[in-house]
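A.B. asks:
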């Protein structure tokens with residue numbers, strides 16, 4: 001039997017670490033937590049200092065028995081769960097279950113699963129930090145008090161299967177508030193004037209800027225006509241040329257939140273998928289002769305800090321590949337976000353020398369794409385700024401001034417490797433202007449007025465919602481992916497074209513929460529609670545005091561809700577259709593994923609149908625049916641013939657009513673990363689992409 005027992009959370013992690021430690025060490029997995037609050041009751045004694053009642057998690061009995069047997073035979077037990085609050089709590093629960101002294105040097109932590117990092121961490125074991133455990137306990141107890149007290153109320157007053165939580169309720173509220181903003185929004189008309197100009201044979205663009213040195217608001221067509229009337233002829237004089245050099249710094253390396261956002265933008269990954277694949281890269285992948293190795297550092301972090309060793313390795317690699325001028329002249333110190341715990345490093349590759357292309361054959365497609373994203377972001381963060389030459393040119397005619405802006409990359413710096421994505425697709429592009437000097441004459445080729453309308457604020461994508469929650473100080477890196485998953489599973493929100501929209505059920509629950517539990521939905525209150533949890537971790541506040549401060553007000557809200565909350569009956573609406581199976585009227589019912597059609601004769605008749613939306617297009621396959629919008633089991637929108645299964649036409653792309661002008665074939669709207677493009681399914685015809 002091995003002299004030492006090491007306990008981690010997952011078998012994959014155990015396999016990787018055991019290889020590095022050698023024969024004297026046996027590494028086993030606890031499969032996450034072994035103890036937790038019971039599912040059948042609140043499990044918190046509010047009368048006795050909120051004492052938690054922990055029990056062995058159902059199904060973990062055999063795991064715990066195996067760990068106890070191994071612990072008895074070992075000279076020493078090391079608890080090597082993840083390096084965060086949750087990991088510290090797992091280690092604490094294991095220590096209690098296995099009889100390990102929490103004040104002994106039993107706790108080992110590492111930020112990356114590499115041979116050097118593992119061996120170094122075992123040279124510095126430490127006692128379990130109870131401040132971290134208390135912070136995790138406080139969060140768990142708070143969430144249990146909220147969830148296990150409000151959820152039964154919702155079951156009783158609205159419908160079964162509902163839930164409430166501190167972070168999830170705020171997320172739903174943000175989505176609903178945004179939807180209200182969109183509905184209240186009144187578009188305002190505005191105009192722009194764009195011109196195509198010629199200097200010799202070189203064409204460039206400029207936009208109307210001002211008249212008689214005064215900014216003019218173009219609110220309607222009359223304003224535009226007034227400006228165009230001032231322009232006589234097509235000669236414009238170059239009035240002013242401004243040339244500047246501008247530096248652009250790289251984005252910092254990834255935190256959990258920024259990784260989720262960028263993976264959504266560039267890889268089209270959901271937050272849950274990003275975290276699942278990052279976990280695989282962290283725990284270890286079999287890389288040929290090198291064996292199993294952890295490819296990235298720990299992926300739950302809100303820090304952008306990078307170790308000196310990693311910085312030096314990156315500087316050396318950048319210098320050898322691109323030249324000394326491409327690495328940053330001094331180690332970059334990125335500003336931490338407010339409230340960042342900075343417990344460990346940013347998400348980065350464990351070695352920059354493992355280039356994505358060199359290990360591509362050992363990774364799945366998604367693992368490769370995410371690793372490449374992390375590798376490139378980290379490398380770029382250690383590179384020198386990009387230098388841009390910018391040029392602004394003012395063109396004047398009759399007091400009317402047009403301005404042209406141009407830029408070109410003088411020195412690419414970090415942009416040689418990576419450029420951060422954007423939610424609104426406004427990535428910087430080169431725009432070259434011809435060489436112009438003051439006094440030059442250019443000629444307008446075409447001047448075109450354009451009508452616009454202001455747009456409402458956009459609905460939240462997963463990336464935008466994660467960013468907003470982080471900026472507001474709501475939740476922590478580990479909470480975002482499960483929160484987004486929960487609010488969809490509960491049927492409070494749905495994804496439409498990758499953007500969140502609230503369901504009727506979500507609005508009902510939100511209204512109840514706003515009326516009876518305003519603190520839970522108060523952004524500042526919830527952000528302060530997160531800050532208090534950080535203070536517990538720092539040893540500045542006792543966790544019981546924080547729970548008590550919260551519960552005193554919460555208990556009163558609960559008592560009031562028990563008495564005053566009225567039962568809400570979600571009535572079935574008639575559809576105007578009859579059930580084809582029994583002849584009874586069909587009704588709209590509220591389900592987990594929103595409304596659906598069902599027979600009113602339930603339970604005698606269990607006929608149900610999804611609600612389909614006609615898009616006004618005849619089926620291109622059978623020419624008899626109509627195309628309807630449907631949703632797959634994964635809630636993805638697709639289009640099919642309403643005569644299914646007689647006609648089996650289906651398409652992920654939205655069919656259009658008009659035919660292809662080139663071959664008369666069917667046209668579809670194909671969704672691209674940056675807009676929608678009309679394409680023919682029969683020939684190569686394409687129309688300009690609409691963003």
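Residue numbers (full-length UniProt numbering): 1 to 691. By construction, the Cβ of each residue, glycine as well, lies at the ideal position given by its N, Cα and C atoms. It should be emphasised that the depicted structure is a prediction, and the values quoted were computed from it without experimental measurement.
#1: For residue 605, which residues in the same chain have their Cβ closer than 7 Å to its Cβ, ignoring the five residues on either side in sequence?
#2: Distance, Cα to Cα, residue 679 vs residue 687?
#3: Are there three or more Cβ pairs, one per stretch, closer than 8 Å when the stretch 304–321 is compared with the stretch 378–395?
#4: Where DSSP assigns a beta bridge to residue 452, which residues make up the other side?
#5: Grab the span of the beta strand (DSSP E) containing residue 206 for me, first residue to last.
#6: Excluding five sequence neighbours on each side, which residues of the same chain lie with their C-beta closer than 7 Å to the C-beta of residue 115?
#7: Starting from the N-terminal side, write out each stretch of the beta strand (DSSP E) that is 3 residues or longer and does not extend beyond the stretch 231–306.
#8: Give me the DSSP bridge partner(s) of residue 638.
#9: Got a sec, what are the start and stop residues for the beta strand (DSSP E) residue 466 sits in?
#10: Could you tell me which uninterrupted alpha helix (DSSP H) segments, each at least 4 residues in length, are contained entirely in the stretch 114–144, listed from first to last along the chain?
#11: Looking at residue 246 and residue 388, is the spacing between their C-beta atoms short of 8 Å?
#12: Across which residues does DSSP place residue 407 in a beta bridge pair?
#13: How close, in whole Å, do the beta carbons of residue 628 and residue 612 come, if the pair is a contact with beta carbons under 8 Å?
#14: Less than 8 Å between the C-beta atoms of residue 501 and residue 493, yes or no?
#15: Residue 8 to residue 126, Cα distance in whole Å?
#16: Measure the alpha-carbon distance for residue 403 versus residue 180 and round it to whole angstroms.
#17: Looking at the unbroken alpha helix (DSSP H) that takes in residue 382, where does it start and where does it end?
#18: Count the other C-beta atoms from every protein chain shown that fall within 10 angstroms of the C-beta of residue 353, then say buried if there are 16 or more, exposed otherwise.
#19: Check whether the stretch 528–539 touches the stretch 659–673, counting contact only when three or more Cβ pairs, one atom from each stretch, lie closer than 8 Å.
#20: Within a Cβ cutoff of 8 Å, which residues of the same chain sit near residue 573, ignoring the five residues on either side of it in sequence?
#21: State the CB to CB distance for the pair residue 240 and residue 390, rounded to an integer number of angstroms; the pair is presumed to be in contact (CB under 8 Å).
#22: Please confirm if the stretch 197–205 is in contact with the stretch 430–438, defined as three or more CB-CB distances below 8 Å between the two stretches.
#23: Is residue 505 closer than 8 Å to residue 513 when the C-beta atoms are compared?
#24: Quick check: what's the CA-CA separation for residue 209 versus residue 446?
#25: Report the CB separation of residue 84 from residue 265 in whole angstroms; it is logged as a contact under 8 Å.
#26: Go ahead and pull the three-state DSSP assignment for residue 512.
#27: On the DSSP bridge list, what partners appear for residue 107?
#28: Which residues bound the alpha helix (DSSP H) around residue 578?
#29: Excluding sequence positions up to five away, which residues of its chain have a Cβ less than 6 Å from the Cβ of residue 36?
#30: Excluding five sequence neighbours on each side, which residues of the same chain lie with their C-beta closer than 7 Å to the C-beta of residue 682?
#31: Skipping 5 residues on each side, what residues in its chain have a beta carbon closer than 6 Å to that of residue 699?
#32: Mapping DSSP to helix, strand and coil, what is residue 51?
#33: Report the residue from 456, 227, 296 and 149 whose alpha carbon sits nearest the alpha carbon of residue 348.
#34: Around the Cβ of residue 229, are there at least 16 other Cβ atoms within 10 angstroms (buried) or fewer (exposed)?
#35: What are the boundary residues of the alpha helix (DSSP H) that residue 322 is part of?
#36: Is the CB-CB distance between residue 63 and residue 71 below 8 Å?
C.D. replies: Judging by the given coordinates:
#1: 579, 581, 582, 584 and 599
#2: 7 Å
#3: yes
#4: 190
#5: Counting along the chain, the beta strand (DSSP E) containing residue 206 begins and ends at 202–211.
#6: 20
#7: Listed in chain order, they are 235–248.
#8: 630
#9: Per DSSP, residue 466 belongs to no beta strand (DSSP E); it is in the alpha helix (DSSP H), 462–472.
#10: 115–121
#11: Taking a C-beta distance under 8 Å as the contact criterion, residue 388 and residue 246 qualify as a contact pair.
#12: 390 and 431
#13: So it is a contact: roughly 4 Å between Cβ atoms.
#14: yes
#15: 16 Å
#16: Using only the alpha carbons, I get a separation of about 38 Å.
#17: Segment: none, residue 382 is in no alpha helix (DSSP H) and carries neither H nor E.
#18: exposed
#19: Verdict: no, contact absent.
#20: When the five nearest sequence neighbours on each side are left out, the beta carbons in the same chain lying within less than 8 Å of the beta carbon of residue 573 are those of 587 and 588, in order along the chain.
#21: Their Cβ separation, rounded to whole angstroms, is 14 Å, which puts residue 240 and residue 390 out of contact at 8 Å.
#22: yes
#23: For residue 513 and residue 505, no; Cβs fall outside 8 Å.
#24: 16 Å
#25: Not quite, the Cβ-Cβ distance comes to about 26 Å (not below 8 Å), so this is no contact.
#26: helix
#27: 79 and 126
#28: For residue 578, there is no enclosing alpha helix (DSSP H); the residue is part of the beta strand (DSSP E) that begins and ends at 573–578.
#29: Within the same chain, residue 36 has close Cβ partners 57.
#30: 660, 663, 665 and 666
#31: Any answer about residue 699 is impossible in this case: the structure gives the chain only from 1 up to 691.
#32: strand
#33: 296
#34: exposed
#35: That run of the alpha helix (DSSP H) goes 308–322.
#36: no
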